[in-house]
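S.K.:
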Amino acid sequence: MAFRQYTRCYIHTPGDKPFNRDDLLGFALGASAPGLITAILAFLAGANLIGFIAIAVQYAATIVAIADQWLFHRLVCLSGDQCAVGRVDPIEKPATLGEFDNDDYFDMRLMPHRHNDEYIAPNFGFFAPPSGSHPLATPPWKTNSPPRPGPSADGKTEQTKSNDIFLDGLQGSTLIRPTLQDLPYNPVEIGTTPVHGFNEKENGLVSRCALHCEAEGNFWQAMRDYAPLLGTAVGVGAAAGAAAGCALGGFFGPIGCIIGAIVGAIAGAIGAAGVGANTAFHSDPGDYNDANVGDTPLGRLAPNDMVVVYGTHVYDGFHEGWHEFHPLKAVMRFNDMFVFGRHQYLEWDPDFPDSGLPPTGLSADDMRRGLDSPAFKAAAQAVRDQWCVAISQRFDPAIRQNQEKPEHRWTAHPAVDGCRPNESPPSSAPPIH
-14 MAFRQYTRCY
-4 IHTPGDKPFN
6 RDDLLGFALG
16 ASAPGLITAI
26 LAFLAGANLI
36 GFIAIAVQYA
46 ATIVAIADQW
56 LFHRLVCLSG
66 DQCAVGRVDP
76 IEKPATLGEF
86 DNDDYFDMRL
96 MPHRHNDEYI
106 APNFGFFAPP
116 SGSHPLATPP
126 WKTNSPPRPG
136 PSADGKTEQT
146 KSNDIFLDGL
156 QGSTLIRPTL
166 QDLPYNPVEI
176 GTTPVHGFNE
186 KENGLVSRCA
196 LHCEAEGNFW
206 QAMRDYAPLL
216 GTAVGVGAAA
226 GAAAGCALGG
236 FFGPIGCIIG
246 AIVGAIAGAI
256 GAAGVGANTA
266 FHSDPGDYND
276 ANVGDTPLGR
286 LAPNDMVVVY
296 GTHVYDGFHE
306 GWHEFHPLKA
316 VMRFNDMFVF
326 GRHQYLEWDP
336 DFPDSGLPPT
346 GLSADDMRRG
356 LDSPAFKAAA
366 QAVRDQWCVA
376 ISQRFDPAIR
386 QNQEKPEHRW
396 TAHPAVDGCR
406 PNESPPSSAP
416 PIH
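Number 418 marks the last residue of the sequence shown (the working numbering); no jumps.
1. Is the Cβ-Cβ distance between Leu225 and Gly253 less than 8 Å?
2. Could you pull out every residue in the same chain whose Cβ sits closer than 7 Å to the Cβ of Asn5, ignoring the five residues on either side in sequence?
3. With which residues is Leu313 paired in a DSSP beta bridge?
4. Could you tell me whether the Cβ atoms of Ala367 and Leu347 are closer together than 8 Å?
5. Determine the direct distance from the alpha carbon of Lys141 to that of Ser158, and round the result to whole angstroms.
6. Tell me, to the nearest whole angstrom, how far the beta carbon of Glu174 is from that of Leu190; I am working on the premise that it is less than 8 Å.
7. Leaving aside the five residues before and after Ala39 along the sequence, list all residues of the same chain whose C-beta is less than 7 Å from its C-beta, in chain order.
8. How about Ala262 and Leu121: do their beta carbons lie closer than 8 Å?
9. When you compare each of Ala257, His267 and Leu60 to Thr(-2) by their alpha carbons, which one comes out closest?
10. Does the separation of the CB atoms of Ser17 and Tyr104 fall below 8 Å?
11. To which residues does DSSP link Tyr(-5) through a beta bridge?
12. Where DSSP assigns a beta bridge to Asn277, which residues make up the other side?
13. DSSP three-state label for Ser158, please.
14. From the DSSP secondary-structure annotation, give me the bridge partner or partners of Met96.
15. Assuming Trp205 and Trp55 form a contact by the criterion Cβ under 8 Å, report the distance between their Cβ atoms to the nearest whole angstrom.
16. Give, in chain order, every unbroken run of the alpha helix (DSSP H) that is at least 4 residues long and sits entirely within the stretch 69 to 137.
17. Can we say the stretch 92 to 112 touches the stretch 128 to 138, given the rule of at least three CB pairs closer than 8 Å?
18. Give me the DSSP bridge partner(s) of Val291.
19. Give the straight-line distance between the Cα atoms of Ala250 and Gly220, rounded to the nearest whole angstrom.
20. Once the 5 residues before and after Leu313 are set aside, which same chain residues still bring their CB inside 7 Å of it?
21. For His267, count neighbouring Cβ atoms within 10 angstroms of its own Cβ and tell me buried if that reaches 16, exposed if not.
22. Where does the unbroken alpha helix (DSSP H) through Cys198 begin, and where does it stop?
23. Does the beta-carbon of Gly230 have 16 or more other beta-carbons within 10 angstroms, so that it is buried, or is it exposed?
24. Rounded to whole angstroms, what's the CA-CA distance from Ser145 to Thr123? Just pull it up for me.
25. Note down, in chain order, each residue of its chain lying with its Cβ closer than 8 Å to the Cβ of Val299, except the 5 sequence neighbours on either side.
26. Distance, Cα to Cα, Asp357 vs Ala349?
27. Using the beta-carbon count (16 or more within 10 Å), is Ile376 buried or exposed?
28. Taking only the alpha-carbon atoms, compute the straight-line gap between Arg431 and Leu160 and give it to the nearest angstrom.
29. Take the Cβ of Ser137 as the centre, count every other Cβ of all protein chains shown within 10 Å, and call the residue buried at 16 or more, exposed below.
30. Across which residues does DSSP place Leu190 in a beta bridge pair?
31. DSSP three-state label for Asp370, please.
32. Given a threshold of 16 other Cβ atoms within 10 Å of its Cβ, counted over all protein chains shown, does Val374 qualify as buried or as exposed?
33. Which of the three DSSP states is assigned to Trp333 in this structure?
34. Quick check: Gly271 and Asn87, are their CB atoms within less than 8 Å of each other?
35. Assign Ile(-4) to buried or exposed, taking buried as 16 or more other Cβ atoms, counted over all protein chains shown, within 10 Å of its Cβ.
36. In chain order, what residues of the same chain lie with their CB nearer than 6 Å to the CB of Asn108, ignoring the 5 residues before and after it?
Here it is in structure tokens:
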């Protein structure tokens, strides 16, 4: 299968705020208010049917409103479709219905960085201290002048500024380094980051420094597409629950009927909404295998797998704020460091021994200096470029147009079920019998 895309990033303007998880409840209540008020007034007037219709219509309208925010006003466009090379970091737990998201995802540490380059605390080296008690990287945030390396796991990255992820002048600087100064890049719980499980410190906050890659699932698109049906189900569920509640509460008189109807209506509406959301969640969840362009199936990626990825570079405003590829459009795994006699991946090593065997063209000192060495940086750029050229070719319009020509759409063999373009010379090949 090919990758799937339901979202669309938007162009951010200063002062605009993308849809965020902290806004979800307030937005839902605000969107629901007109219909809920109408329903309450209808019930008070004894027009129960109108009240349940109002609930159904309003639920459908609220779902569409939230879906539009999720799909079209959550992801901020950054630099278009981009490529990255790196290693898979510890896999995050799959999304659950409670997160309102059925995307599939993984984090990757960008080449040529080590695990120990990853930040294990808020990055006060890059971000200037905020004013007052505000969290770090609260807008409008500023950087230190000049920015300094962040707090690495072993403290060795700070010795060579060029090897810091935000400051590497390579993939980290172009893909992960914060750029939108009027949007937050707040530190996150360390348990939600790749360094969780790789370092002794398992609590507190940390600045994210891995590239998040998401293969899109259809949850909010399905909710939007079937909003009228879901609204009807919620309205019917509320009506059925109210009837059942009144019947049970009626044993205690009219007041019992009213209380039972209210409780039953709420329970019926919530139950119907839950069934509908659960159905949408499991209807077509994301799977990063759909974006696989390698010769062999991906299966489930494992920590330290080497991958090259291609996707749309965005700022995800729903979380505390970070950059990611969304959607992931192509991914290929390669676990052989050497292919056709060439080095296919580089990782700097501050402890590289003099007796070690560095890649061709590099010295042991280059490996220890990492991106502080011009030779190492040039080699890392070359490795990145060769992979990115390979994986991005399938998205080149000229190449795709050429692939779609009739003479290239054979299945068995060009001479069996192919065709010859009008401008080609007559074939001298013998006919196949």
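A virtual CB, placed ideally from N, CA and C, is assigned to each residue, including glycine.
M.R.: Considering the structure as presented:
1. Here residue 225 turns out to be Ala, not Leu, going by the sequence shown. Yes, they are a contact pair.
2. Scanning its chain for C-beta atoms nearer than 7 Å, with the 5 sequence neighbours on each side dropped, one finds around Asn5 the residues Gly302 and Phe303, in chain order.
3. Paired residues: Gly296.
4. No.
5. For Ser158 and Lys141, the gap between their C-alpha atoms comes out near 19 Å.
6. That pair is a contact at about 7 Å.
7. Counting only Cβ-Cβ distances below 7 Å, and skipping sequence neighbours, we find Gly20, Thr23, Ala24 and Ala27.
8. No.
9. Closest by alpha carbon: Leu60.
10. Against a cut-off of 8 Å, the Cβ pair of Tyr104 and Ser17 comes out as no contact.
11. Tyr(-5) is bridged to Val61.
12. DSSP lists Val316 as partners of Asn277.
13. DSSP places Ser158 in the helix class (H, G or I) of the three-state scheme.
14. DSSP, once it has assigned bridges, lists no residue as partnering Met96.
15. Cβ atoms of Trp205 and Trp55 come within 8 Å of each other, at about 5 Å.
16. With a minimum length of 4 residues, no continuous alpha helix (DSSP H) run stays inside the stretch 69 to 137.
17. The stretch 92 to 112 is in contact with the stretch 128 to 138.
18. Reading off the sequence, residue 291 comes out as Met, not Val. Per the DSSP secondary-structure output, Met291 pairs in a beta bridge with Arg72.
19. Their Cα atoms are separated by approximately 9 Å.
20. Once the five neighbours on either side are set aside, the close Cβ partners of Leu313 are Phe(-12), Cys198, Glu199, Ala200, Tyr273, Ala276, Val294 and Gly296.
21. Exposed, since its Cβ has fewer than 16 Cβ neighbours within 10 Å.
22. No alpha helix (DSSP H) contains Cys198, which is instead part of the beta strand (DSSP E) from Leu196 to Ala200.
23. Of the other Cβ atoms in all chains shown, 16 or more fall within 10 Å of the Cβ of Gly230; this residue is therefore buried.
24. Correcting the residue type first, residue 145 is Thr in the shown sequence and not Ser. Taken atom to atom, the span from the alpha-carbon of Thr145 to that of Thr123 is near 27 Å.
25. Within the same chain, Val299 has close Cβ partners Cys(-6), Leu60, Val61, Cys62, Leu63, His308, Glu309, Phe310 and His311.
26. The alpha-carbon atoms of Asp357 and Ala349 are separated by roughly 13 Å.
27. Ile376 comes out buried.
28. Since the first residue of the chain shown is -14 and the last is 418, residue 431 is not available in this structure.
29. Buried is the call here.
30. Per DSSP, Glu174.
31. Three-state DSSP puts Asp370 in a helix.
32. Residue environment for Val374: exposed (fewer than 16 other C-beta atoms within 10 angstroms of its C-beta).
33. The DSSP-derived three-state label of Trp333 is coil.
34. Remark: C-beta atoms of Gly271 and Asn87 approach each other more closely than 8 Å.
35. Burial call: exposed.
36. Cβ within range, chain order: Gly135 and Ser192.
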